Amino acid sequence: MRAPAFWNEDSLTSRLLSPAGALYGMVGRLRRRWVRPHEAPVPVICIGNLVAGGAGKTPVALAVARHLIARGAAVHLLSRGYGGRLAGPVRVSPGVHAAADVGDEPLLLARTAPCWIARDRVAGAQAAAADGAQIIVMDDGHQNPTLGKALSIVVIDAEAGFGNGRLIPAGPLREPVAEGLSRADAAVLLGDDGGALEATLPGNPTVLHATLEPADDSRALDGEPVFAFAGIGRPAKFFATLEAIGCKVRRTQAFPDHHPYRHAEVKRIIDAAWAEGALAVTTEKDAVRLPPDLRAAVMTVAVDVAWREPERLDALLLEAVRDG
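In the numbering used here, the protein residues as written are 3 to 326.
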């Protein structure tokens with residue numbers, strides 16, 4: 003879906019939809035109150051957020067998984083598999099599965115470590131543990147009460163914040179900020195807002211600071227003319243990243259998050275880029291949704307998470323794994 007513009011402003015539409023948002027929040031609150039979490043055989047580290055789409059959960063989940071793998075842990079990743087037809091539990095195989103089968107994010111996760119998709123998170127965690135996982139990193143699921151977490155980390159986009167501060171469908175929030183942070187062990191503030199957003203976070207949560215940085219090989223695009231397209235939560239953020247690394251952004255095209263690319267529309271973008279002497283470029287998450295025969299004609303720009311204080315992340319993960 004594409005986030006509606008009124009999610010970022012206090013408009014008449016958002017006010018009219020606020021009763022529906024209150025109902026949405028009440029249903030979620032009751033579910034979390036009455037469902038008893040199942041404890042997995044191994045520690046589960048949940049990387050979630052408080053808004054619909056675009057906060058940076060998947061890059062942070064990958065960064066946390068790599069952090070643990072570098073320290074010798076057998077990490078498996080767990081995802082709901084949003085946008086895929088398979089219910090799971092299924093271990094993702096990038097050579098066999100497509101985004102239509104398991105979703106786009108699990109295909110990215112599976113490049114780093116074994117990844118499972120499961121609409122039933124408990125069944126997914128059990129399958130991962132039976133397959134040898136020592137630690138499970140779950141991409142999304144902060145609002146899902148069915149699976150117990152050894153550590154819950156909420157990712158917050160420092161620039162976008164919480165939009166108009168209202169609940170779906172009146173705004174982007176999955177739950178009230180104070181409620182969501184009260185169940186989190188830490189928050190990752192992704193990007194630099196000069197401390198303005200951090201000062202407003204209720205409950206004085208533990209905050210880790212990080213930024214999304216273009217991967218080293220993306221620097222080769224410095225000075226190159228590009229036609230950029232993206233179907234992610236915040237396409238404008240990707241376009242700004244390209245400008246920051248020195249790309250000459252000739253044209254852009256934004257699609258809804260998780261957009262299933264058709265062959266003809268991607269071919270039109272590639273042809274348009276070629277006609278202007280530019281490169282067609284997109285994100286890693288978009289690349290896995292491209293028609294296979296056109297992927298080689300599109301440059302992929304990857305991003306990495308850079309931690310301001312990695313030792314604080316180390317301490318947080320160590321405590322969670324030890325206690326779990």
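C-beta: ideal position from N, C-alpha, C; glycine also. Just so it is clear, the structure is predicted and the values come from calculations on it, not from any experiment.
C-alpha gap between residue i and residue j, whole angstroms
i, j, result
"ASP195", "ALA275", "34 angstroms"
"LEU14", "LEU175", "17 angstroms"
"ALA152", "PRO61", "20 angstroms"
"PRO45", "PRO207", "22 angstroms"
"PRO147", "ASP295", "41 angstroms"
"ASP288", "GLY233", "6 angstroms"
"PRO171", "GLY165", "12 angstroms"
"ALA100", "VAL94", "9 angstroms"
"PHE8", "ALA76", "43 angstroms"
"LEU2", "THR213", "In this structure the chain extends from 3 to 326, so residue 2 is not present and cannot be described."
"VAL104", "SER81", "9 angstroms"
"ALA230", "ARG253", "6 angstroms"
"ALA63", "GLN128", "19 angstroms"
"LEU192", "HIS211", "6 angstroms"
"GLY150", "ALA160", "27 angstroms"
"VAL209", "GLU215", "19 angstroms"
"VAL303", "GLU181", "35 angstroms"
"ALA102", "VAL179", "32 angstroms"
"ILE138", "GLY279", "45 angstroms"
"GLY58", "LEU52", "11 angstroms"
"ILE71", "GLN136", "10 angstroms"
"MET301", "ARG87", "27 angstroms"
"GLY50", "VAL66", "12 angstroms"
"VAL190", "VAL98", "33 angstroms"
"MET28", "ALA282", "44 angstroms"
"ALA308", "LYS250", "25 angstroms"
"ALA322", "ALA277", "53 angstroms"
"ALA298", "VAL268", "12 angstroms"
"LEU319", "ALA162", "27 angstroms"
Where residue i sits in the DSSP three-state scheme
i, result
"PHE229", "strand"
"ALA304", "coil"
"GLN255", "strand"
"ALA189", "strand"
"GLY50", "strand"
"ILE158", "strand"
"HIS40", "strand"
"LYS151", "coil"
"LEU315", "helix"
"LEU203", "coil"
"LEU296", "helix"
"ALA114", "Correcting the residue identity first, residue 114 is Thr in this sequence and not Ala. DSSP places THR114 in coil when its eight states are reduced to three."
"ARG291", "coil"
"SER92", "According to the sequence displayed, residue 92 carries Val and not Ser. Looking at VAL92 - three-state DSSP - the assignment turns out to be strand."
"VAL98", "coil"
"HIS261", "coil"
"GLN128", "helix"
"ASP273", "helix"
"GLY235", "coil"
"ARG324", "helix"
"ARG34", "helix"
Buried or exposed (CB count within 10 angstroms, at least 16 for buried), residue i
i, result
"ALA120", "buried"
"LEU32", "exposed"
"GLY173", "buried"
"ARG168", "buried"
"MET140", "buried"
"THR202", "exposed"
"ARG270", "exposed"
"ARG17", "exposed"
"ALA242", "exposed"
"ARG236", "buried"
"HIS265", "exposed"
"ARG38", "exposed"
"GLY25", "Note that residue 25 is Leu in the sequence shown here, rather than Gly. LEU25 comes out exposed."
"ASP219", "exposed"
"SER184", "exposed"
"GLU313", "exposed"
Beta-ladder partner(s) of residue i, from DSSP
i, result
"SER81", "ILE119, ASP141"
"TRP309", "ALA212"
"LYS250", "PRO227"
"LEU281", "VAL228"
"LEU175", "VAL53, LEU169"
Any non-hydrogen atom of the ligand FAD within 7 angstroms of residue i CB
i, result
"LEU320", "Inclusion of the ligand FAD in the displayed structure is not the case, the ligand content being empty and no account of it being possible."
Beta carbon proximity, residue i to chain C, threshold 8 angstroms
i, result
"ILE49", "Of the protein chains in the structure, only one exists, and it is not chain C."
Whole runs of the beta strand (DSSP E) within the region 5–30, excluding any shorter than 3 residues
Counting whole runs of 3 or more residues, the region 5–30 contains no beta strand (DSSP E) stretch at all.
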